[in-house]
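Peer 1: I'd like to ask some things about the structure below.
Protein chains: 2
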Amino acid sequence: MLAAVLQVRAGSLQVMLWERAREPHAHRWSLPGGGLGDDEDVEASIRRQLAEKVDVRQLSHVEQLAVFSNPARVPGPRVVATAFLGLVPSHIDPVVPSDTAWHPVDALPATAFDHEAICRRARSRLASKLSYTNLGFALAPPEFTISALRSLYSAALGYKVSATNLQRVLSRRGLLEPTGGTVQPGPSGGRPAALFRFVSGKMRVTDPFAVLRPPSTRSLGS
Amino acid sequence: MLAAVLQVRAGSLQVMLWERAREPHAHRWSLPGGGLGDDEDVEASIRRQLAEKVDVRQLSHVEQLAVFSNPARVPGPRVVATAFLGLVPSHIDPVVPSDTAWHPVDALPATAFDHEAICRRARSRLASKLSYTNLGFALAPPEFTISALRSLYSAALGYKVSATNLQRVLSRRGLLEPTGGTVQPGPSGGRPAALFRFVSGKMRVTDPFAVLRPPSTRSLGS
DNA sequence: CCAGGTTTTCGCCTATCGGTCGAAAACGTG
DNA sequence: CACGTTTTCGACCGATAGGCGAAAACCTGG
């Protein structure tokens, strides 16, 4: 029962880790988590565990990632871990305990147990779902410019995406709408950028945008 | 630790269930599974469990589905279940124990516990992955005609797909290749159908076919 | 206040993809 | 050998994605 909480910060995708104080694997970095209570399911439990690190309301998305169960994944008696993927929108800077910090997922410090593999899985899952679902909303602030959204996607995917194309794809899927507002340009000038938001009601993960659709039923969204 | 093993049989997507002999939920149908051994991970464990029902070599694909952990999902002390999706190619008719039978997933009998919800999740996962991955290979025999493949996809997805389009989409993804052979037409005549196979090396689940690709890297497959 | 630099926005072009249809191919039967 | 049947394949069309460059809208420096 542990979670890879991801957020785009300072232009790179980062994961929240805490530094172990005790053996085994003292001073190595590990994912937050904890045991399952008797009266909660795993989703409720991981949200409770994470509440010690970040405010639960700051998590824009939580989903099961996978079960990690290699008998040798931790020393001593076997521990089966149900891993979660958590996401925090980029405009939030959660207050975290002093032993906890954010690390870029592609420059991880020495990690404990199999937590590096779990981080990789989380990164991979996020990249996939950004492409074929509307999960992007979970990384973005309530309002954003297209170029801000572009840098979020680029950081999470690991490669540059075209701002033009990103806007068009998301718009065509009916996910994006303009707020009407704009932001002032920076000190170097430039046209003011228009603000957008994700359409409310599309702020949960929807079905993938499938190929091989049913015949001639021209329904795109729900 | 339990599995929804799916197969297309007699034109419909079916799931392997066994009838409980004892309380609780006697005479209701439930998914096969069992406990986790000390020296195995969950994948190995579920394959071992399933070996009692079907030969493991007949399973063309096994993947984690989700963890089901509602405290009330079974009577008595809470049991956390790691659910799997298993697939059997359509040309195989496994020998199953006498208490075990196949049931269409959209006409399930009275099921035990939350197993109906697990079946629905398995069905949904399969439908999604058929669309955006190459998972189709796991439902198909080693060689097949396009119309046979079409009926497999139709049964698994729950709606008709176009044979023309199915062949083109899979071919363009580089998944399908002709064997050169043909099958004799049925008693009512017709042109002999060409046989195809999934390209070897593409018989594992690949990355989803993503949108928002990296810029101007004209690489489709791997 | 105007020229030049910067950033965003938008329209257009092209390639590809998915959906559909219908003709042609290749077989059986009467 | 005409006809029905089934498969195959080419052609068309709309939708989608990627790319490019012009235009818009702002800044600063002269």
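Note that the protein sequences, when read in sequence, are chains A and B. Note that the UniProt record's numbering has the first sequence beginning at 1, numbered continuously upward. Note that the UniProt record's numbering has the second sequence beginning at 1, numbered continuously upward. Ideal Cβ positions, reconstructed from N, Cα and C, are used throughout, including at glycine.
Would you be able to state if there are at least three C-beta pairs under 8 Å between the region 126–134 of chain A and the region 34–52 of chain A?
Peer 2: Result no; under three Cβ-Cβ pairs closer than 8 Å.
Peer 1: Anything in chain B within Cβ reach of L212/A, meaning under 8 Å, just list it in chain order.
Peer 2: Residues of chain B passing the Cβ test: L130, S131, Y153, L157, V161, N165, L166 and V169.
Peer 1: For residue 223/B, which of F68/B, P142/B and R48/B has the nearest alpha-carbon?
Peer 2: Here chain B comprises residues numbered 1 to 222, so residue 223/B is not present and cannot be evaluated.
Peer 1: For V183/B, collect the residues of the same chain with a Cβ closer than 7 Å to its Cβ; drop the 5 residues on either side in sequence, then sort them by chain order.
Peer 2: Once the five neighbours on either side are set aside, the close Cβ partners of V183/B are T145, P192, A193 and L195.
Peer 1: Can you check whether the CB of F137/B is closer than 8 Å to the CB of F198/B?
Peer 2: Yes.
Peer 1: Please identify the residue among A107/B, L166/B, A110/B and D106/B whose C-alpha is closest to the C-alpha of Y134/B.
Peer 2: The question names Tyr, but residue 134/B is Asn in the sequence shown. That would be L166/B, whose Cα lies nearest to the Cα of N134/B.
Peer 1: What number of angstroms, rounded off, separates the C-alpha of P71/B from the C-alpha of I46/A?
Peer 2: Going from the Cα of P71/B to the Cα of I46/A covers about 15 Å.
Peer 1: Whole angstroms are fine: how far does the CA of A21/B sit from the CA of N109/B?
Peer 2: The question names Asn, but residue 109/B in the sequence shown is Pro. C-alpha separation (whole angstroms): 15 Å.
Peer 1: Does DSSP classify R121/A as helix, strand or coil?
Peer 2: R121/A: helix per DSSP, three-state reduction.
Peer 1: Helix, strand or coil for Q7/B, going by three-state DSSP, please let me know.
Peer 2: Strand at Q7/B.
Peer 1: Does the Cβ of V95/B have 16 or more other Cβ atoms within 10 Å, making it buried, or fewer, making it exposed?
Peer 2: By the 10 Å Cβ count, V95/B comes out exposed.
Peer 1: For F198/A, which three-state DSSP category applies?
Peer 2: Of the three classes helix, strand and coil, the one that applies to F198/A here is strand, per DSSP.
Peer 1: Note down the Cα distance separating V169/A from S60/A, rounded to an integer number of angstroms.
Peer 2: Approximately 22 Å between the Cα atoms of the pair.
Peer 1: Determine the contact status of L2/B and A83/B, defining contact as a CB-CB distance below 8 Å.
Peer 2: It is a contact, given that the beta carbons lie within the stated cut-off.
Peer 1: Unbroken beta strand (DSSP E) runs of length 3 or more, entirely within the region 8–50 of chain A: which are they?
Peer 2: The qualifying runs are 12–19.
Peer 1: Helix, strand or coil, according to DSSP, for G136/B in the structure here?
Peer 2: Of the three classes helix, strand and coil, the one that applies to G136/B here is helix, per DSSP.
Peer 1: Verify the contact flag: Y159/A, CB atom, against every heavy atom of the ligand GTP, threshold strictly below 7 Å.
Peer 2: Looking for the ligand GTP in the displayed structure turns up nothing, as the structure carries no ligands at all.
Peer 1: Assuming A83/B is part of the beta strand (DSSP E), what are its boundary residues?
Peer 2: Its beta strand (DSSP E) spans residues A81 to L87.
Peer 1: Would you mind giving the Cβ-Cβ distance between A4/A and V15/A, rounded to the nearest angstrom? I have them listed as a contact below 8 Å.
Peer 2: Indeed they touch by this definition, with Cβ atoms about 5 Å apart.
Peer 1: Three-state secondary structure (DSSP) at Q184/B?
Peer 2: The answer is coil: DSSP assigns Q184/B none of H, G, I, E or B.
Peer 1: Where does A66/A sit, in a helix, a strand or coil, going by DSSP?
Peer 2: Strand, per DSSP.
Peer 1: Given a limit of 9 Å on CB to CB distance, which residues of the region 60–87 of chain B reach chain A?
Peer 2: Per Cβ criterion, the list reads Q64, A66, V67, F68, S69, N70, P71, R73, P77, R78, V80 and T82.
Peer 1: I need the boundaries of the beta strand (DSSP E) containing A148/B, first residue and last residue.
Peer 2: That residue, A148/B, is in no beta strand (DSSP E); its alpha helix (DSSP H) goes I146 to L157.
Peer 1: Going by DSSP, which residues form a beta bridge with residue 223/A?
Peer 2: Lying before the first or after the last residue shown, residue 223/A is absent from chain A, which here runs from 1 to 222.
Peer 1: Expressed to the nearest angstrom, what Euclidean distance is found between the alpha-carbon atoms of R121/A and L212/A?
Peer 2: So the two alpha carbons sit approximately 27 Å from each other.
Peer 1: Please work out which residues of its chain come closer than 8 Å, Cβ to Cβ, to P97/A, disregarding the five sequence neighbours upstream and downstream, and give them in chain order.
Peer 2: Result list for P97/A: W18, E52 and K53, in chain order.
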